[in-house]
Amino acid sequence: MAAEGAQLPALAPGPGVPVVRPRRQSISSWPLVDRIGYWLCWATGVALCAIALAVVLYMFVKGISYLKPSLFVQSPAPGVKQNETGGFFDPIVGTFMLTGLGILIAAPVGVAIAAWLSEYARPRALARAVESAIEMIGGVPSVVLAIFGLLVFSQGFLGFLSQRAANGAVYGRSFFAASVIMAVLALPLIVGSVREGLAQVPDHMREAAYALGKTRASCIRHVLLPAIRPSVASGIVLGMGRIIGDTAIVTILVGVTLKLEKVGGVPLIGNYRGTGSTLTSYVYTNSPAGEGGSPQKAYAAAFVLLMIVLLLNAIVTRLSGDTQPLGRTALAGRLRMIGRSMPWIP
Amino acid sequence: MPPPVRRIALDRDPYVAPPTDHDGGATTATLTPPGPAAAARTRQPAAEVRERMRVESVWLAYGDRWVVRDVSLPVRQGEVLALIGASGSGKTTLLRSLNRLTEVTAGAGRAGSITLDGEEIHELEVNQLRRRVSMVFQQPNPFPMSILDNVAYALAEHPGHGRRRRRRTPELEATAADALRRAGLYDEVADDLNRPALRLSGGQQQRLCIARALAANPEVLLLDEPCSALDPISTATIEELIVGLRESVAIVIVTHNLQQAQRVADHVAFMHLGELVEYGTSEQIFARPTKQRTRDYISGAFG
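Top line first, the protein sequences correspond to chains A and B. For what it's worth, the working numbering labels the leading residue of the first sequence as 2, then goes sequentially. For what it's worth, the working numbering labels the leading residue of the second sequence as -2, then goes sequentially.
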């Protein structure tokens, strides 16, 4: 209390007083090997930046020049000349359909698995088995998952998820089948992110809940999950990026039709039972590696794909860098923040 | 080289010196600094003192290591019981065993009996027990939600309040506000109860934790060094609060701060290496300790 009226010392020294700042350590005193190592590290870092920049720039230049607004609204059409082959409206819709359902399946399952692994994990042997399974799925090439999915969804009793031929054989390829396999693909990312978030919640937060007579389940539901909302969100966005970028599962499980093909009369379910394409399969099909029909449109679609993935990455960076507690207006604040982080979006 | 630890066998009814105003005046005067808490402290015993919990030859272990050995203590409503002792003396473990929070730690074991209003606590449903014997921790740990939600969450699933936390009845808000008032926080936060609890200052956060612990109307309140992370002003506020609360709830406080124990406690238990060395009124322990070990500790010879 005595210091209340006292003046604070000025932050800067008086005029003429030299300010001593620590100098950067020079590497000239290092042994030669260390100096070479240092420069190699530096060079690889710069090279990586150059590659990333080259990809973005190249796609930007190529994509922008071929990108036309009409591409977004036209459906792909068969044609010999490039100006007859339509746009990529259907692939964009397909991408959203696949990502939406895939995440809808993967998110609750992933959060549940992560919560069980972090908060219960008994019996221990089972927890270790689940952990290895998650790791294994994370390491399996998606084409293997796709082939496996084809096997599963061709089973007769799963015919309602795709289409059935006249002789009763099940086609096994549909947006439903692909969404389920995509969910499996995204699962390890969501589990990893949520577990990381749960590990960062200090134990005294859990104890505070137990000390109020709360059950473990109530603690997870009302304390832990709200506390790690940013981790859940970034896990979901990472998973979305993975689903959007995957090609093998699309080409094998959604079929090779570029246009969305509906099965049966029910609006949404019919679309999911049917086949179609996504941006990735569209790029593949139209590029010289596929049928090579319209490489210009492949470039344009690849550019759109790249932009979507970069956008998702920006969201992840933004979400994981922020650990502020979420209040009631969390969603609005979050959206505003995402908007601020991406000035190119009006 | 410390002298060998002597086990103090406690009678069923430990000796309690009748509290007087002038006992050991000299020691008290030198140990008690003038301050708001000291001024607020009424040396008068509470109107009604009633035993709520009883610790009867309790042994507690983590793995195969005994950390509390053969401790017997009464916990009474209307008075504050302080557990003092050096680090590793088992006082926090003893405190945590009172609402079975030791069970959260793997490998914890126990022997002896702890009763709450005559009922063995290990026969009570654990979440019911923890509602009746609430706890506040060393580090202020409000949940990352609004002030009101913090208290409302403590109330949720409580009989009479329904299970849904989201449904905010005026009745629920009134109860929450009442808990905040009891913790002396209401006036400071009344203007915006929906602000995130983590925006409060450390002292306010700790009082919110006390409000949260009081919300479900517990019979016993356990405080584990509630002020050790706080500044002196917040500490004084909380000490005043503790003294004021002892009428309505039995309070057990673990503290490293001897002056704090002297300021807030009616009874003091001194523990060393898991054993209860001495138990008595605050005046008696600080002015006329009967054991050499207690004398050494409160005069700062060790610990």
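Glycine is no exception: its CB is placed at the ideal position from the N, C-alpha and C atoms.
Where residue i sits in the DSSP three-state scheme
{"i": "Pro124/A", "result": "coil"}
{"i": "Leu169/B", "result": "helix"}
{"i": "Tyr172/A", "result": "coil"}
{"i": "Gly265/A", "result": "coil"}
{"i": "Val34/A", "result": "helix"}
{"i": "Leu227/B", "result": "coil"}
{"i": "Val251/B", "result": "strand"}
{"i": "Thr89/B", "result": "helix"}
{"i": "Ile81/B", "result": "strand"}
{"i": "Leu213/A", "result": "coil"}
{"i": "Gln75/A", "result": "coil"}
{"i": "Pro19/A", "result": "coil"}
{"i": "Leu259/A", "result": "coil"}
{"i": "Gly104/B", "result": "coil"}
{"i": "Asp67/B", "result": "strand"}
{"i": "Gly87/A", "result": "strand"}
{"i": "Arg165/A", "result": "strand"}
{"i": "Phe61/A", "result": "helix"}
{"i": "Ala174/B", "result": "helix"}
{"i": "Thr234/B", "result": "helix"}
{"i": "Ser143/A", "result": "helix"}
{"i": "Glu120/B", "result": "helix"}
{"i": "Pro1/A", "result": "Outside the shown range of chain A, which is 2 to 347, sits residue 1/A, and nothing can be said about it."}
{"i": "Glu292/A", "result": "coil"}
{"i": "Leu270/B", "result": "coil"}
Cut-off 6 angstroms between Cβ atoms - residues of its own chain near residue i, not counting five sequence neighbours on either side
{"i": "Val148/B", "result": "Ala173, Ala176, Ala208, Arg209 and Ala212"}
{"i": "Val264/A", "result": "Gln164, Gly271, Arg274 and Gly275"}
{"i": "Pro33/B", "result": "Unreliable positioning characterises Pro33/B in this predicted model, as indicated by a pLDDT of 45, which lies under 50. The coordinate reading is nonetheless provided below. Excluding sequence neighbours, Pro33/B sits near Ala233."}
{"i": "Leu280/A", "result": "Pro92, Thr96, Ala302 and Leu306"}
{"i": "Ala172/A", "result": "A quick correction: the sequence has Tyr, not Ala, at residue 172/A. Excluding positions up to five away in sequence, the list reads Ser163 and Gln164."}
{"i": "Lys63/A", "result": "Tyr300"}
Same chain only: Cβ atoms within 7 angstroms of residue i, ignoring 5 sequence neighbours per side
{"i": "Tyr183/B", "result": "Ala174 and Leu177"}
{"i": "Thr89/B", "result": "Asp221 and Val251"}
{"i": "Pro286/B", "result": "Glu275, Arg292 and Ile295"}
{"i": "Asp91/A", "result": "Ser76, Pro77, Leu259, Lys260, Leu261, Gly277 and Ser278"}
{"i": "Ile182/A", "result": "Leu146, Ala147, Gly150, Ile250 and Leu254"}
{"i": "Leu98/B", "result": "Met132"}
{"i": "Leu162/A", "result": "Phe154, Ser175, Phe177, Ala178 and Arg274"}
{"i": "Val224/A", "result": "Met206 and Ala210"}
{"i": "Gln125/B", "result": "none"}
{"i": "Arg290/B", "result": "His269 and Val274"}
{"i": "Glu197/A", "result": "Ser232"}
Close Cβ partners of residue i (< 8 angstroms) along its chain, the five nearest in sequence each way excluded
{"i": "Ile253/A", "result": "Val144, Ala147, Ile148, Gly150, Leu151 and Arg174"}
{"i": "Leu195/B", "result": "Pro139, Pro141 and Gln202"}
{"i": "Thr112/B", "result": "Met50, Arg51, Glu53 and Ile118"}
{"i": "Leu226/A", "result": "Val112, Ala116 and Val233"}
{"i": "Leu41/A", "result": "none"}
Inter-residue CB distance, residue i and residue j (contact presumed, cutoff 8 angstroms)
{"i": "Ala228/A", "j": "Pro141/B", "result": "5 angstroms"}
{"i": "Ala234/A", "j": "Ser119/A", "result": "Rounded, the Cβ-Cβ distance is 17 angstroms, inconsistent with contact."}
{"i": "Gly60/B", "j": "Gly104/B", "result": "4 angstroms"}
{"i": "Met60/A", "j": "Leu307/A", "result": "5 angstroms"}
{"i": "Pro137/B", "j": "Cys206/B", "result": "6 angstroms"}
{"i": "Ala247/B", "j": "Gln74/B", "result": "4 angstroms"}
{"i": "Ser308/B", "j": "Val123/B", "result": "Nothing about residue 308/B can be read from this structure; chain B reaches only from -2 to 300."}
{"i": "Ile138/A", "j": "Val185/A", "result": "6 angstroms"}
{"i": "Gly1/A", "j": "Val195/A", "result": "In this structure chain A extends from 2 to 347, so residue 1/A is not present and cannot be described."}
{"i": "Val240/B", "j": "Val261/B", "result": "6 angstroms"}
{"i": "Arg192/B", "j": "Ser245/B", "result": "Contact flag wrong, Cβ pair sits at about 28 angstroms."}
{"i": "Leu219/B", "j": "Leu92/B", "result": "5 angstroms"}
Closer than 7 angstroms to chain E by CB, residue i
{"i": "Ala180/B", "result": "Among the chains of the structure shown, chain E does not appear; the protein chains present are A and B."}
Counterpart residues of residue i in DSSP-defined beta bridges
{"i": "Val217/B", "result": "Val130/B and Ala247/B"}
{"i": "Glu48/B", "result": "Arg73/B"}
{"i": "Trp56/B", "result": "Ala108/B"}
{"i": "Thr278/B", "result": "His264/B"}
{"i": "Thr318/A", "result": "Beta-bridge pairing links Thr318/A to no other residue."}
- Task: Could you run through the region 113 to 133 of chain B and flag, in chain order, every residue whose CB is less than 7 angstroms away from some CB of chain A?
- Result: Asn124, Gln125, Arg127, Arg128, Ser131 and Met132
- Task: Please name the residues in the region 186 to 202 of chain A whose beta-carbon is closer than 7 angstroms to at least one beta-carbon of chain B, in chain order.
- Result: none
- Against chain B: residues of the region 91 to 123 of chain A by CB proximity under 8 angstroms: none
- Near-chain B residues of the region 212 to 233 of chain A - C-beta to any C-beta below 8 angstroms: Ala212, Leu213, Gly214, Lys215, Thr216, Ser219, His223, Val224, Pro227 and Ala228
- Message: Against chain A, which members of the region 90 to 114 of chain B pass a CB distance test of less than 8 angstroms?
- Response: Asn96, Leu98 and Val101
- Message: By the 9 angstroms beta-carbon criterion, what residues does the region 238 to 256 of chain B contribute toward chain A?
- Response: none
- Taking any Cβ of chain B, which residues in the region 74 to 89 of chain A have a Cβ under 9 angstroms from it, in chain order? none
- Query: Can you list, in chain order, the residues of the region 133 to 151 of chain B whose Cβ is nearer than 7 angstroms to any Cβ on chain A?
  - Reply: Phe134, Gln136, Asn138, Phe140, Pro141, Met142, Ser143, Tyr150 and Ala151
- Proximal residues, the region 64 to 88 of chain B versus chain A, C-beta separation under 9 angstroms: none
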